[in-house]
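Visitor: Questions regarding the structure given below will be posed in turn.
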Amino acid sequence: MNTNSSSYHTRNSKTGKNKLHETCNDYALYYIEQQASSSLPTKKPVKLSELINETINQTDAGYSYYVLDTGIFIVVPHEALIAIDEGVSEKELHLHRVSKEDYEIAVAVENEDPNYIGLPDDLMVDPGEMMLGFIETVESDEIYDQLQDAFLKLDSFASLLKILDENDLLKTWFAIRDDHYRKVALQWCEQYQVEYVE
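Written out as C-alpha cells, the structure reads:
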C-alpha cells in the first residue's frame with residue numbers, strides 16, 4: 025500500500041512538474057509575443073490620395089518614406105545616406121550639409137526600422153514606360169508620330185504633355201495615369217498591411 029501510494033505520488037509529481045513546465049513555456053511564449061508586438065510601430069491609416077500624390081511627386085533629392093506611427097511622409101536626403109556610408113561623425117554633419125534629424129532618420133532607415141516604409145519607386149512605377157504605353161494607344165497617325173518623335177528625342181515630359189494638350193488628349197492621359205498610380209498604391213498598402221482611407 026505504501027509502495028502504491030509512493031508510486032502514485034511520484035506520478036502525480038511528474039505530471040505536476042510537466043504541467044508547470046508547460047505553463048511556464050506558455051507564459052514565456054506569451055511574453056515574447058507581447059514584446060515583439062510592442063516593438064512594432066502603431067500603423068496609422070494612410071490617406072490614399074496623399075499616397076498617390078507623394079508617389080507621383082517624388083523628388084530626386086532623396087528617398088521618400090511613409091512614417092507609420094505619425095502618418096506623415098518624409099524624404100531622406102541622399103547626403104544623409106552618403107554620410108552614413110562614409111562614416112561621418114555627428115560633429116561633422118554640418119560640413120556635409122546634413123541635419124542631425126535627417127541623419128538619425130537615415131540611420132533608422134539603414135537599419136531597416138519597420139516604422140519607415142519606402143514609397144513605390146521606379147520598379148513599381150515607370151512614368152516613361154507608362155507614357156510609351158499610352159502613345160501606343162493613340163489612333164491618329166499624325167499625333168502618334170509627334171509623340172513618338174518627342175519621346176525618342178528624350179524631350180522633356182512637359183513637351184509630351186503639351187502635344188497631348190494641343191490634341192485634347194491630356195485629360196485622357198491623366199485619367200489613365202491616375203488609375204495606374206491608384207492600383208500601385210493599393211498594392212503597396214496590401215504589401216505592407218497598411219490600412220487606407222479614401
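Residue 25 is where the sequence shown starts when you use our numbering, and the numbers rise one by one after that. From the three backbone atoms N, C-alpha and C, an ideal C-beta is built for every residue, glycine too. Please read these numbers as outputs of a predicted model, since none were measured by experiment.
Using only the alpha-carbon positions, how far apart do R121 and E103 sit?
Guide: So the two alpha carbons sit approximately 8 Å from each other.
Visitor: Just confirm the distance between the C-beta atoms of W212 and P144, as a whole number of angstroms; I'd bet it's less than 8 Å.
Guide: Contact flag correct, Cβ pair sits at about 5 Å.
Visitor: Under 7 Å, do N139 and L92 count as touching if we go by C-beta distance?
Guide: In contact: N139 and L92 (Cβ atoms closer than 7 Å).
Visitor: Pairing CB atoms from the region 148-168 with CB atoms from the region 185-193, are three or more of them under 8 Å?
Guide: Judged by Cβ distances under 8 Å, the region 148-168 makes contact with the region 185-193, as three or more pairs qualify.
Visitor: As a quick exercise: from R206, N77 and M155, pick the residue whose alpha carbon is nearest that of A182.
Guide: Comparing Cα-Cα distances from A182 to each of R206, N77 and M155, the minimum goes to M155.
Visitor: Looking only at its own chain, which residues have a Cβ that is under 8 Å from the Cβ of V70, when we skip the five neighbours before and after it?
Guide: Contacts found: Y90, G95, C213, V218, E219, Y220 and V221.
Visitor: Do I209 and L75 have their C-beta atoms within less than 7 Å of each other?
Guide: It should be noted that the sequence gives Ala, not Ile, for residue 209. Cβ atoms of A209 and L75: closer than 7 Å.
Visitor: One question on the structure: do Y127 and L119 come within less than 7 Å of each other, judged by their Cβ atoms?
Guide: No, these two residues do not count as a Cβ contact at 7 Å.
Visitor: Going by the CB atoms, is the gap between V133 and V100 shorter than 7 Å?
Guide: The answer is yes: Cβ separation under 7 Å.
Visitor: Cβ atoms of Y216 and I141: under 7 Å apart, would you say?
Guide: The answer is yes: Cβ separation under 7 Å.
Visitor: Would you give the residue range spanned by the alpha helix (DSSP H) that V133 belongs to?
Guide: K124 to E134 is the span of the alpha helix (DSSP H), which, as asked, contains V133.
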